[in-house]
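First to last, the sequence lines map onto chains A and B.
572 is the number that the numbering used here gives to position 110 of the first sequence; each next residue is one higher, with no gaps.
158 is the number that the numbering used here gives to position 145 of the second sequence; each next residue is one higher, with no gaps.
We put the CB at the ideal spot given by N, CA and C, even for glycine.
These figures come from a predicted structure and were not determined experimentally.
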Amino acid sequence: MTAPFKRSVLMAVLTSNAVTAIVIAVILIVCMFFAVGVDPIAAANVLWRSTFGSLRTFGEGLVRATPLLMISVTLLPSLRAGLYNIGAPGQLGAGALSATVVALNMPNAPSWLIVPICAVVALVAGGAAAAIPGYLKARWKTNEIVSTLAMNFIVVAILGYLLNGPLQSDFANLPQSPSLPANSGLPLLFTGARAHIGLLVALAFVPALLALDRSLVGYRLRLFNFNPVLATRAGVNPKAYVLWLMTLGGAGAGLAGWMQVAAIDHRLYPGVANPIGYAGLFVALLGALHPLGCIAAAYLLGALLYGGAAMQVGAGVSPEIIQVFLGLILFVYAARPNTNR
Amino acid sequence: MEFIDTVANSSIRLMVPLLLAMLGELISERSGIMNVGLEGMMAAGAFAGFMASILGFGLPAAIVIAMIVGLLSAGLMALGTVWMRGNSILVGFALFILLPGLANFILVQEHASKATPALANINVPYLSSIPVIGSALFSQNIFYYLAVLLTVLVWIMFSRTRTGLIISAVGHDPAKAETKGISPRWVQTCALLACGAFAGLGGASLSLGAVGSFTPNIIGGRGFIVIAIVILGRWTVLGAAAGAFLMGLLEALKLNLPQVSSIPIHLLGAVPWAVVIAMLIVSARMRSSAPRTLIA
Numbered sequence: 463m464t465a466p467f468k469r470s471v472l473m474a475v476l477t478s479n480a481v482t483a484i485v486i487a488v489i490l491i492v493c494m495f496f497a498v499g500v501d502p503i504a505a506a507n508v509l510w511r512s513t514f515g516s517l518r519t520f521g522e523g524l525v526r527a528t529p530l531l532m533i534s535v536t537l538l539p540s541l542r543a544g545l546y547n548i549g550a551p552g553q554l555g556a557g558a559l560s561a562t563v564v565a566l567n568m569p570n571a572p573s574w575l576i577v578p579i580c581a582v583v584a585l586v587a588g589g590a591a592a593a594i595p596g597y598l599k600a601r602w603k604t605n606e607i608v609s610t611l612a613m614n615f616i617v618v619a620i621l622g623y624l625l626n627g628p629l630q631s632d633f634a635n636l637p638q639s640p641s642l643p644a645n646s647g648l649p650l651l652f653t654g655a656r657a658h659i660g661l662l663v664a665l666a667f668v669p670a671l672l673a674l675d676r677s678l679v680g681y682r683l684r685l686f687n688f689n690p691v692l693a694t695r696a697g698v699n700p701k702a703y704v705l706w707l708m709t710l711g712g713a714g715a716g717l718a719g720w721m722q723v724a725a726i727d728h729r730l731y732p733g734v735a736n737p738i739g740y741a742g743l744f745v746a747l748l749g750a751l752h753p754l755g756c757i758a759a760a761y762l763l764g765a766l767l768y769g770g771a772a773m774q775v776g777a778g779v780s781p782e783i784i785q786v787f788l789g790l791i792l793f794v795y796a797a798r799p800n801t802n803r
Numbered sequence: 014m015e016f017i018d019t020v021a022n023s024s025i026r027l028m029v030p031l032l033l034a035m036l037g038e039l040i041s042e043r044s045g046i047m048n049v050g051l052e053g054m055m056a057a058g059a060f061a062g063f064m065a066s067i068l069g070f071g072l073p074a075a076i077v078i079a080m081i082v083g084l085l086s087a088g089l090m091a092l093g094t095v096w097m098r099g100n101s102i103l104v105g106f107a108l109f110i111l112l113p114g115l116a117n118f119i120l121v122q123e124h125a126s127k128a129t130p131a132l133a134n135i136n137v138p139y140l141s142s143i144p145v146i147g148s149a150l151f152s153q154n155i156f157y158y159l160a161v162l163l164t165v166l167v168w169i170m171f172s173r174t175r176t177g178l179i180i181s182a183v184g185h186d187p188a189k190a191e192t193k194g195i196s197p198r199w200v201q202t203c204a205l206l207a208c209g210a211f212a213g214l215g216g217a218s219l220s221l222g223a224v225g226s227f228t229p230n231i232i233g234g235r236g237f238i239v240i241a242i243v244i245l246g247r248w249t250v251l252g253a254a255a256g257a258f259l260m261g262l263l264e265a266l267k268l269n270l271p272q273v274s275s276i277p278i279h280l281l282g283a284v285p286w287a288v289v290i291a292m293l294i295v296s297a298r299m300r301s302s303a304p305r306t307l308i309a
């Protein structure tokens with residue numbers, strides 16, 4: 463899974479497996495639409511109108527793309543090193559939970575104080591939730607796929623406990639927290655759409671990653687990816703790399719969790735990580751493990767997530783089709799020799 | 014006393030899907046392929062069995078259909094990993110997303126929201142009236158007896174037959190196996206197909222046996238628990254069966270403890286996963302019996 467570092471960005475996008483995977487997945491989905499008696503042209507039409515139809519719908523796509531971009535760019539370094547951190551939902555939940563607790567306990571703090579504090583707390587919490595499996599991997603070589611997944615279920619259990627108990631809103635019988643104070647909300651990017659400044663935070667990671675590629679750390683990461691034994695000789699401490707790469711991915715997911723509660727929902731609920739937690743991994747893979755590819759893939763998927771809901775109303779297609787589409791893309795992408803570790 | 018009875022009975026009942034899926038995962042991992050898509054294959058089997066049941070097929074037919082659909086979904090896994098040489102972890106993860114999504118899509122699109130009655134228990138005469146273990150071991154539904162029978166058969170296969178030896182040989186050293194005239198590709202393909210059939214059966218034991226309906230999150234992470242069970246059981250049938258029982262016991266305690274204590278039910282949901290993590294750490298110290306080509 464070596465990322466195309468040297469080629470031009472356009473070529474990297476056009477020649478990537480991701481584009482092929484999307485094309486094949488679209489063909490299969492169209493076949494499936496025929497099978498269940500849905501007109502694919504009408505469905506595509508609804509999808510198009512509900513994504514590029516107006517500034518508001520465009521903004522809805524951006525809103526959904528923001529956490530996906532956030533998660534995927536911070537996952538990139540670990541994926542390049544062959545670490546499969548699928549714990550983004552749990553790390554996102556940990557970030558969202560800690561940001562909620564802090565915001566609820568500082569109801570009168572000014573916005574300039576509370577917003578950064580929430581962000582940092584969420585970043586630390588998400589990073590910690592990923593550092594546990596990272597440490598286990600570094601120390602005992604435990605399988606990080608199973609351990610990060612176990613963390614997801616543990617975080618869901620903790621959220622379920624808190625939201626049905628100490629954190630539950632007094633005004634609802636649902637498992638959800640009280641509304642966050644208005645001061646903790648994130649400013650919007652433009653009027654008339656819900657896109658928020660979290661998008662800029664996520665975008666800021668893209669040049670940072672590109673710069674990392676050119677730095678000594680980036681060089682060592684590539685070496686580590688290419689040949690761990692050789693990298694050890696060149697001064698790389700594999701255990702520290704495993705720990706920090708995992709923590710970085712978790713920190714990004716934690717920030718995404720903060721954005722979800724502070725900018726979109728303004729309250730915490732158990733399903734906060736659905737479906738963006740797992741979708742972040744797709745974005746990273748679809749983006750051919752390149753930061754710029756992630757931007758394109760994140761918007762594509764964000765628009766699809768919004769458009770999928772619109773398709774139910776407009777074309778009578780259940781939104782579950784999006785999950786099928788994602789699974790097909792990943793399957794076609796993965797079932798190729800060059801994705802072999 | 015009644016509490017112990019209840020827990021014993023429900024831990025055996027909850028062990029059944031884990032045991033069935035575990036046998037499949039064990040065969041697949043012994044041949045050198047970690048089937049991360051197990052969760053999806055169980056969902057496919059659970060859904061197929063449920064659909065067959067509400068479409069009017071009888072129970073035996075529904076079970077067979079669940080196994081066939083599980084086997085077909087494992088065929089996708091074999092196609093992606095064995096034949097197209099894809100990364101088995103990514104292909105498995107894709108199936109984990111794809112198959113439940115497909116099941117949910119068809120479920121919602123076709124408005125299939127009926128329920129079938131839960132299966133009756135089969136009592137073994139005399140034995141089922143033994144206190145505590147009687148009702149737990151000798152008064153369960155048909156899937157339990159199937160699971161016990163299949164566990165014994167798979168154990169015999171790995172410990173006594175040439176087939177079991179061939180599967181293990183491929184998992185340890187495919188190149189050497191090939192020099193002995195074995196095709197590693199076909200052995201791995203067959204192992205995966207068997208895994209799919211077992212997973213389908215395990216899924217059906219959830220939708221047909223326990224719940225009597227199909228809900229979107231019916232598998233609830235059991236496929237991944239099974240992967241951890243196989244690792245803890247050190248890739249042996251008996252060790253993994255013990256792991257399946259332990260997980261069944263934890264799940265039963267989660268269901269039954271809140272009635273007799275004040276431990277919050279939501280926090281109990283984290284316990285099996287904490288045990289999974291502990292299992293991973295413990296088993297990391299004794300990895301000698303792992304199939305050598307397995308990425309784990």
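Cross-chain neighbours of residue i in chain A, by beta carbon under 7 Å
i	result
residue 170(B)	The premise fails here: residue 170(B) is roughly 26 Å from chain A at the closest Cβ pair, so nothing lies under 7 Å.
residue 277(B)	623, 627
residue 297(B)	602, 603, 604
residue 289(B)	608, 612
Alpha-carbon to alpha-carbon, residue j and residue i
i	j	result
residue 588(A)	residue 186(B)	40 Å
residue 136(B)	residue 601(A)	49 Å
residue 79(B)	residue 122(B)	20 Å
residue 63(B)	residue 217(B)	7 Å
residue 796(A)	residue 304(B)	23 Å
residue 654(A)	residue 717(A)	24 Å
residue 3(B)	residue 268(B)	What is shown of chain B runs 14 to 309, which leaves residue 3(B) out entirely.
residue 467(A)	residue 581(A)	Confidence at residue 467(A) is low in this model, with a pLDDT of 47, below 50, so the placement of that residue should be treated as unreliable; the coordinate-derived value is given next. One C-alpha to the other measures close to 31 Å.
residue 569(A)	residue 731(A)	19 Å
residue 590(A)	residue 295(B)	22 Å
residue 47(B)	residue 550(A)	22 Å
residue 751(A)	residue 236(B)	28 Å
residue 875(A)	residue 481(A)	Chain A is shown only over 463 to 803; residue 875(A) falls outside these bounds and no answer can be derived.
residue 824(A)	residue 535(A)	In the structure as shown, chain A begins at 463 and stops at 803. Residue 824(A) is therefore absent and cannot be evaluated.
residue 55(B)	residue 116(B)	11 Å
residue 227(B)	residue 219(B)	9 Å
residue 616(A)	residue 286(B)	6 Å
residue 463(A)	residue 798(A)	Only weak support is given to the placement of residue 463(A): the predicted model assigns it a pLDDT of 43, under 50, and the value that follows is read from those uncertain coordinates. Computed Cα separation, rounded: 11 Å.
residue 255(B)	residue 265(B)	15 Å
residue 734(A)	residue 555(A)	7 Å
Cβ separation of residue i and residue j, assumed to be a contact under 8 Å, to the nearest whole Å
i	j	result
residue 31(B)	residue 261(B)	6 Å
residue 646(A)	residue 576(A)	5 Å
residue 163(B)	residue 51(B)	Rounded, the Cβ-Cβ distance is 16 Å, inconsistent with contact.
residue 206(B)	residue 88(B)	6 Å
residue 784(A)	residue 529(A)	Not quite, the Cβ-Cβ distance comes to about 16 Å (not below 8 Å), so this is no contact.
Chain B residues whose Cβ lies nearer than 8 Å to that of residue i
i	result
residue 542(A)	Under the 8 Å cutoff, chain B gives no residues; its nearest Cβ is about 14 Å from residue 542(A).
residue 793(A)	89, 93, 104, 107, 108, 111
For residue i, the first and last residue of its enclosing alpha helix (DSSP H)
i	result
residue 690(A)	690-695
residue 781(A)	Looking at the DSSP string, residue 781(A) is not in any alpha helix (DSSP H), and its letter there is neither H nor E.
residue 227(B)	From DSSP, residue 227(B) is part of no alpha helix (DSSP H); its letter is neither H nor E.
residue 613(A)	606-625
residue 96(B)	Note, residue 96(B): premise wrong, no alpha helix (DSSP H); not H, not E.
residue 279(B)	278-281
residue 173(B)	155-173
residue 662(A)	660-675
Chain A contact residues for residue i, given Cβ-Cβ distances below 8 Å
i	result
residue 272(B)	Correct list: empty, because the minimum Cβ distance to chain A is about 17 Å.
residue 49(B)	607
residue 22(B)	None at all; the shortest Cβ gap to chain A is about 24 Å.
CB contact below 8 Å: residue i versus chain C
i	result
residue 122(B)	The displayed structure is made up of protein chains A and B, and chain C is not among them.
7 Å Cβ cut-off: residues of chain B touching residue i
i	result
residue 780(A)	118, 121, 122
Closer than 9 Å at the beta carbon, the chain B residues around residue i
i	result
residue 686(A)	Ordered by position in chain B, no residue passes the 9 Å Cβ test against residue 686(A), which lies about 18 Å from the chain.
residue 785(A)	110, 111, 113, 114, 115, 117, 118
Cβ-heavy atom distance, residue i to the ligand FMN, below 7 Å
i	result
residue 755(A)	Summarising the ligand content, the structure contains no ligands, and the ligand FMN is consequently not present.
Assess, as a yes-or-no matter, whether the segment 255-273 of chain B is touched by the segment 182-196 of chain B under the definition of 3 or more beta carbon pairs within less than 8 Å.
Too few Cβ pairs lie closer than 8 Å, so no.
The segment 559-566 of chain A / the segment 687-698 of chain A touching (three or more Cβ pairs under 8 Å)
As far as the Cβ criterion goes, the segment 559-566 of chain A does not touch the segment 687-698 of chain A, which means the pair count is below three.
The segment 594-612 of chain A / the segment 700-709 of chain A touching (three or more Cβ pairs under 8 Å):
Contact between the segment 594-612 of chain A and the segment 700-709 of chain A is present, because at least three Cβ pairs lie under 8 Å.
The segment 635-643 of chain A in contact with the segment 499-519 of chain A per 3-pair CB rule at 8 Å
Taking 8 Å as the limit for Cβ pairs, the verdict is that the segment 499-519 of chain A does not touch the segment 635-643 of chain A.
Under 8 Å: do the segment 59-77 of chain B and the segment 239-252 of chain B share three or more Cβ pairs, one atom per stretch?
The answer is no - the segment 239-252 of chain B does not touch the segment 59-77 of chain B, with fewer than three Cβ pairs under 8 Å.
Can you find at least 3 beta carbon pairs, one from the segment 768-784 of chain A and one from the segment 531-544 of chain A, that sit closer than 8 Å?
Segment contact: the segment 768-784 of chain A against the segment 531-544 of chain A, fewer than three CB-CB distances shorter than 8 Å; contact not assigned.
Would you call the segment 91-102 of chain B and the segment 739-746 of chain A touching, i.e. three or more CB-CB distances under 8 Å?
Cβ pair count under 8 Å is below three, so no.
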